[in-house]
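This report concerns only the one structure given below.
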Amino acid sequence: MLTHVYRYGPSRQRILKGFVVAGQEAERIVSRVVKEWPASLSGALNLSADARFPTNVWLDTGLVWLHTPQARARHFSQLAESARGLAQSVTKAGGKLLPNAIRLSTSEAWESYLCSDRHLLETFDDSEKEVYCNLLRVHLPVLIALTGRAGVSPQGVEPVASRHLANSSHHLAARYLASVSPQYLQRVVQCLRRDQGVGILELLDVYPLADNGENGVEIRFTDGQILLSSVRAQALLYQALLIKARRLTRSGRRIGNVRQSLVERNRGRAITDGLQARLEVEVRKLDEGRGPRTSTQTRQGTTRGERNPKEFLSAREAALSLLEELASEFHVLEVEFAEIAPLVIGAGLRAIGLAGLQNESDLMREWLRQSHAQSYDLLSRLPDMVYQFSPGQDDALTALNKLRFGQSTERLQRWWELMLKTSARSESLSLRSRVDHSSEKVTERSVARDGRRGDRAPREQYSNSSRSESAEGGKSQEHRAEGPAQQRNQQELLTRAATELLKGLRQLGTTATKSEYSSALIAFQRTGRSSSLNRAAAVLPAADAEELGRLLEHILINPHVSDEPARGWDGPACRSACEQARREGLATVLLRASVELENRLRDKALRMAQERPTGIGAFFLQRQNYDVGGEDLTGVRLVLVRTVSEADVS
25 MLTHVYRYGP SRQRILKGFV VAGQEAERIV SRVVKEWPAS LSGALNLSAD
75 ARFPTNVWLD TGLVWLHTPQ ARARHFSQLA ESARGLAQSV TKAGGKLLPN
125 AIRLSTSEAW ESYLCSDRHL LETFDDSEKE VYCNLLRVHL PVLIALTGRA
175 GVSPQGVEPV ASRHLANSSH HLAARYLASV SPQYLQRVVQ CLRRDQGVGI
225 LELLDVYPLA DNGENGVEIR FTDGQILLSS VRAQALLYQA LLIKARRLTR
275 SGRRIGNVRQ SLVERNRGRA ITDGLQARLE VEVRKLDEGR GPRTSTQTRQ
325 GTTRGERNPK EFLSAREAAL SLLEELASEF HVLEVEFAEI APLVIGAGLR
375 AIGLAGLQNE SDLMREWLRQ SHAQSYDLLS RLPDMVYQFS PGQDDALTAL
425 NKLRFGQSTE RLQRWWELML KTSARSESLS LRSRVDHSSE KVTERSVARD
475 GRRGDRAPRE QYSNSSRSES AEGGKSQEHR AEGPAQQRNQ QELLTRAATE
525 LLKGLRQLGT TATKSEYSSA LIAFQRTGRS SSLNRAAAVL PAADAEELGR
575 LLEHILINPH VSDEPARGWD GPACRSACEQ ARREGLATVL LRASVELENR
625 LRDKALRMAQ ERPTGIGAFF LQRQNYDVGG EDLTGVRLVL VRTVSEADVS
């Protein structure tokens, strides 16, 4: 009997939208405007300043709910109106209101033209605050790459991805927090004083004592944006990460520590190179990472015995994978594609080899090119951009991408709408007691057991009849431990995911890119909690299962053939396939062995799917009528997709 339903929902959020005041005696103008700013009772947002940043002002939304498209449209329209009024007040006082990193003259220092956007989110308790702070820290380099703004001056757009953070002396990389108790935070302050010479907790990129120690977390590293649509997309990203942290906390999970040196190196790369940065990935072998290091193991990044060579992943790929992983949380927020398009559309176009505009820095480069071609002064028009916001229309970045890459952007939009629509993590807690990372590991073990006990039985074309078992006999121990209602719910999720996968592959047809096909597979795995394409076929009607098989066969051509399955991922064919998957988004490995080793081969493939390399997702597929190159041979395929592994969760 269903006794309760729990939904991991959003929290209130506070946005301080930053602006720069330029002009003669800018500090005097700031003081006058703040003093004369109307009270919040008049409908205007609060306006604040900070003596440490004398040319900066912030419009403060206060704590508001941004949980629906209607609420977001209302609050951001109010923010736009307040920004318009602020621009008029600054102009009246003899200055100009500018967005971050727009320098009107190359003879002036950057510091007077830099500001941040600050986001504060409420947390339920100290446990949730700890998990959220550490989750933000794990993804810090990717978040900086997504939100960085390059400096713009009469000379053009500079290459440094985040001019604000590059010049800032008021930001330190986030620290791992084993607790947010006053005693532990005092130890963090002591470490900062020892290591950085500055014992101020508020300088951290992620500040755990926002609003005078109330249950809030302040995100301080975000560069000030030009477009309010960009601010909205980033607010949704931070809210989605909070919902993820809430789910982890609810299930008793915590975020493991990532080496501070690795965080800081990747942070520096993101500040310099943005989404083009190559981020170092922490590689942890399965027999390592628990207990003391043995004499046969080597430290991260060393070359002795080639135990742990460094691995790198582009920031763009990591960002796309993070955004895809958060599709379930976006679903809770009822996110529409247009709201997150500034984050996903340009990076998605780059992933398929097109020169999409990924962020506002790329947009400024394009606008400057147009201004030179059409002989107008772009910098003089930028003050009007700070209050442009139309909830029902595409933002400037999205509109330009659609204009330049119409058909490709339509495909990307269709896929994102599908992912947002079919996400299932907001289901009731009764469906799954251990969600997120732990449940994914349980699901992988369940898939492995299903493969040994009859995973392929329900559809003959996907199975060897000598190995088939009844549906009842093929249940895993995990499923036998669950109640009938939970089994039905899991089966419904799997059926729904398989149906959407079939529908998506039909829509894509034969001309889509590998990245688009991989998005379909990732959406199936997220919704159905399974990485077995055999299980997808098993829950479909016979005709649909056969059609799914044909569609997959058309996609999974030119596999990398491995006749050394015992070597696993260390074999040359598997390494080559992983490289292709990281580069193109999709690849296939065909593992072959003699027919008498079929059972061992299948078990090996299932273990490999569970123990996949960093940045790779693997899907199990075995069809009886697939030609593997000889009657005395049997084969199993692993379909590899580009992803990014979740942070260590302890």
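Heads up, the sequence shown stops at 674 in the working numbering, and the numbers go up one at a time, no gaps. The beta-carbon is built from N, C-alpha and C at its ideal position, and this holds for glycine as well.
Proximity winner among the options, relative to residue i (alpha-carbon distances)
| i | options | result |
| --- | --- | --- |
| VAL282 | ALA198, LEU261, PRO232, VAL359 | ALA198 |
| GLU242 | PRO596, ILE126, ARG38, VAL660 | ARG38 |
| PHE96 | ALA257, SER404, PHE548 | In the sequence as displayed, the identity of residue 96 is Arg instead of Phe. Checking every option, the nearest Cα to that of ARG96 belongs to ALA257. |
| GLU390 | GLU358, GLY377, ASN425 | ASN425 |
| GLN646 | ARG606, ALA601, LEU576 | LEU576 |
| LEU662 | LYS628, ALA202, GLU570, ARG52 | LYS628 |
| LEU532 | ALA544, ALA522, LYS268 | ALA544 |
| LEU615 | ARG76, GLN300, VAL660 | VAL660 |
| ARG591 | ASP419, MET632, SER113 | MET632 |
| GLU540 | GLY552, GLN284, LEU525 | LEU525 |
| SER35 | GLY109, LEU209, GLU341, GLY240 | GLY240 |
| SER618 | LEU90, ALA202, ASP587 | ASP587 |
| PRO78 | ALA63, ASP386, ARG52, THR85 | ARG52 |
| THR130 | GLU146, GLN112, GLU105, GLU182 | GLU182 |
| ASP84 | ALA597, GLY119, GLY118, PHE43 | PHE43 |
| HIS355 | TRP440, ALA46, GLY109 | TRP440 |
| LEU625 | ALA605, SER285, PRO589 | PRO589 |
| ALA104 | HIS163, ALA294, TYR411 | TYR411 |
| LEU427 | ALA397, LEU373, SER385, LEU261 | LEU373 |
| GLU675 | GLY639, ALA46, ARG56 | Past the boundaries of the shown model lies residue 675; the chain is included only from 25 to 674, so the question cannot be answered. |
Pairwise C-alpha distance: residue j and residue i
| i | j | result |
| --- | --- | --- |
| SER101 | THR92 | 14 Å |
| GLY33 | SER395 | 44 Å |
| GLY573 | ARG530 | 12 Å |
| THR537 | PRO206 | 52 Å |
| LEU144 | VAL255 | 13 Å |
| GLY172 | THR658 | 51 Å |
| GLN417 | GLY276 | 41 Å |
| THR519 | ASN558 | 12 Å |
| VAL54 | PRO123 | 15 Å |
| ARG76 | ALA343 | 32 Å |
| ASP656 | GLU620 | 9 Å |
| LEU337 | LEU610 | 16 Å |
| SER555 | PHE643 | 5 Å |
| ASN513 | ARG550 | 15 Å |
| ALA269 | TYR156 | 5 Å |
| ASP149 | LEU87 | 17 Å |
| ASP141 | HIS195 | 13 Å |
| LYS41 | LEU252 | 9 Å |
| ILE168 | ARG291 | 7 Å |
| ALA190 | PHE245 | 11 Å |
| GLY118 | GLN48 | 8 Å |
| GLU288 | VAL368 | 25 Å |
| LEU630 | GLY641 | 12 Å |
Supposed contact pair residue j and residue i - C-beta distance, whole angstroms, cut 8 Å
| i | j | result |
| --- | --- | --- |
| THR667 | ILE579 | The pair is not a contact, with the Cβ atoms about 17 Å apart (cut-off 8 Å). |
| ALA423 | GLY298 | Contact flag wrong, Cβ pair sits at about 22 Å. |
| ALA339 | GLN300 | 7 Å |
| ARG357 | ALA264 | Checking the displayed sequence, the identity of residue 357 turns out to be Leu instead of Arg. Contact flag correct, Cβ pair sits at about 7 Å. |
| LEU403 | PRO178 | 7 Å |
| VAL50 | GLY109 | Per the sequence shown, the amino acid found at residue 50 is Ala instead of Val. Contact flag wrong, Cβ pair sits at about 19 Å. |
| ARG279 | VAL162 | Residue identity differs from the one stated: residue 279 is Ile in this sequence, not Arg. Indeed they touch by this definition, with Cβ atoms about 6 Å apart. |
Other residues of its chain near residue i: CB distance less than 6 Å, five sequence neighbours each side excluded
| i | result |
| --- | --- |
| MET443 | ALA351, ALA547 |
| LEU455 | Reliability fails at LEU455, whose pLDDT of 28 lies under 50, so the model's placement of it is uncertain and no value is given. |
| TRP61 | LEU71 |
| ALA23 | Residue numbering for the chain in the displayed model covers 25 to 674; residue 23 lies beyond these limits and cannot be assessed. |
| ALA365 | THR422 |
| THR273 | SER151, GLU152, VAL155 |
Short CB-CB distance (under 7 Å) between residue i and chain C
| i | result |
| --- | --- |
| LYS41 | Reference to chain C is not applicable here, since this structure consists of a single protein chain. |
8 Å CB neighbourhood of residue i in its chain, flanking five on each side removed
| i | result |
| --- | --- |
| VAL680 | The question about residue 680 has no answer, for the chain in this structure spans 25 to 674. |
| ALA125 | TRP134, TYR137, LEU138, ARG173, ALA174, GLY175, VAL176, ARG187, HIS188, ASP247, GLY248 |
| ASP401 | SER395 |
Residues near residue i by beta carbon distance below 7 Å, same chain, minus five either side
| i | result |
| --- | --- |
| LEU378 | PHE429, SER432 |
| GLY180 | LEU392 |
| ALA202 | TYR208 |
| TRP89 | ARG36, ALA95 |
| LEU233 | LEU225 |
>> Runs of 4 residues minimum, wholly inside the stretch 36-79: which ones carry the alpha helix (DSSP H) assignment?
In response: 50-60
>> To test your reading of the DSSP string, which unbroken beta strand (DSSP E) runs of 3 or more residues are found completely within the stretch 404-444?
In response: none
> Can you give, in chain order, each stretch of the alpha helix (DSSP H) that sits fully within the stretch 83-155 and has at least 4 residues?
Replying inline: 93-116
>> Report the start-end ranges of each beta strand (DSSP E) in the stretch 174-225 that is 3 residues or longer and not cut off at the edges.
In response: none
> Which ranges would you report for the alpha helix (DSSP H) in the stretch 549-627 if only whole runs of at least 4 residues count?
Replying inline: 557-562, 566-579, 596-608
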